[in-house]
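K.L.:
Sharing a structure here in structure tokens format.
Numbering (my numbering), first residue to last: 208 to 408.
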């Protein structure tokens with residue numbers, strides 16, 4: 208199981224200017240390659256007319272990671288790799304960052320481009336709002352009616368949210384909760400119902 212990691216909680220945009228070239232970086236949550244690519248297209252829509260749209264993304268964190276990047280027409284290695292290096296240097300996963308460059312008339316040279324794209328990404332990550340990603344699991348319970356209100360009342364103690372409820376001969380309750388609480392929640396259910404609750408697959 209991967210360790211918990213930070214993920215973006217909102218889209219964030221920043222801007223720097225170097226020798227009249229504007230570098231606008233925009234970052235957001237993306238937990239699939241498809242969603243990262245969709246955001247790259249979105250960035251091009253909200254930042255129209257740029258000369259280059261450099262991007263880097265990291266899906267996952269720790270041992271299970273998919274990464275991608277592009278120099279987007281800048282000299283090879285001057286834009287995508289430094290942007291990805293900044294992404295890797297953060298504690299953030301499931302993230303995509305696009306930097307739009309509006310050329311200001313003065314060439315920056317390869318070293319200048321590396322520094323500019325690095326700084327633009329760093330400034331964006333400094334302001335990007337994040338939260339800890341918590342791995343969750345779903346549990347389906349078959350509960351006798353007499354225990355339903357009690358279990359409902361105690362769900363917040365396990366950060367459990369109700370996904371679905373079906374009322375028949377017994378109550379079928381589907382809940383989602385942090386994986387770290389699953390074992391103690393199951394033990395609690397067995398204890399308060401004296402084994403009357405049934406956990407279904």
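Backbone N, C-alpha and C fix where the C-beta goes; we use that ideal spot for every residue, glycine too. As the structure is a computational prediction, the values presented were derived from the model and not from experiment.
Under 8 Å, do residue 249 and residue 286 count as touching if we go by C-beta distance?
P.N.:
The answer is no: Cβ separation not under 8 Å.
K.L.:
Can you find the residues in the same chain that come closer than 6 Å, C-beta to C-beta, to residue 295, ignoring five residues on each side of it along the sequence?
P.N.:
Within the same chain, residue 295 has no close Cβ partners at all.
K.L.:
In the DSSP assignment, what residue or residues form a beta bridge with residue 220?
P.N.:
233, per the DSSP bridge assignment.
K.L.:
Grab me the residues of residue 332's own chain with a C-beta within less than 6 Å of its C-beta, minus the 5 sequence neighbours each way, in chain order.
P.N.:
The answer, listed in chain order, is 297.
K.L.:
Within a Cβ cutoff of 7 Å, which residues of the same chain sit near residue 357, ignoring the five residues on either side of it in sequence?
P.N.:
Contacts found: 399.
K.L.:
Quick check on residue 227: does DSSP put it in helix, strand or coil?
P.N.:
Note: residue 227 maps to coil in three-state DSSP.
K.L.:
What three-state label does DSSP hand residue 391 in the structure shown?
P.N.:
Helix.
K.L.:
Whose C-alpha, out of 282, 300 and 324, is nearest the C-alpha of residue 272?
P.N.:
The candidate whose alpha carbon is nearest that of residue 272 is 300.
K.L.:
Give me whichever residues DSSP pairs with residue 263 in a beta bridge.
P.N.:
BP columns for residue 263 point to 276 and 304.
K.L.:
Do you know offhand how far residue 335's Cα is from residue 325's?
P.N.:
Answer to the nearest angstrom: the Cα atoms are 15 Å apart.
K.L.:
So, with DSSP's three-state summary, where would you put residue 254?
P.N.:
It is coil, neither helix nor strand.
K.L.:
Using C-beta distances below 7 Å, list every residue in its chain close to residue 373, excluding the 5 sequence neighbours before and after it, in chain order.
P.N.:
The residues are 379.
K.L.:
Please classify residue 306 as buried or exposed, where buried requires at least 16 neighbouring CB atoms within 10 angstroms.
P.N.:
Looking at its Cβ environment, which holds 16 or more other Cβ atoms inside 10 Å, residue 306 is buried.
K.L.:
When the Cβ atoms of the stretch 231 to 239 are set against those of the stretch 341 to 356, are three or more pairs found closer than 8 Å?
P.N.:
They do not touch, by the three-pair rule.
K.L.:
Taking the alpha helix (DSSP H) that residue 357 belongs to, which residues open and close that run?
P.N.:
Counting along the chain, the alpha helix (DSSP H) containing residue 357 begins and ends at 352 to 361.
K.L.:
Can you tell me which of the three DSSP states residue 342 falls into?
P.N.:
Coil.
K.L.:
Per the contact definition of three or more C-beta pairs closer than 8 Å, is the stretch 260 to 268 in contact with the stretch 358 to 377?
P.N.:
No, the stretch 358 to 377 does not touch the stretch 260 to 268.
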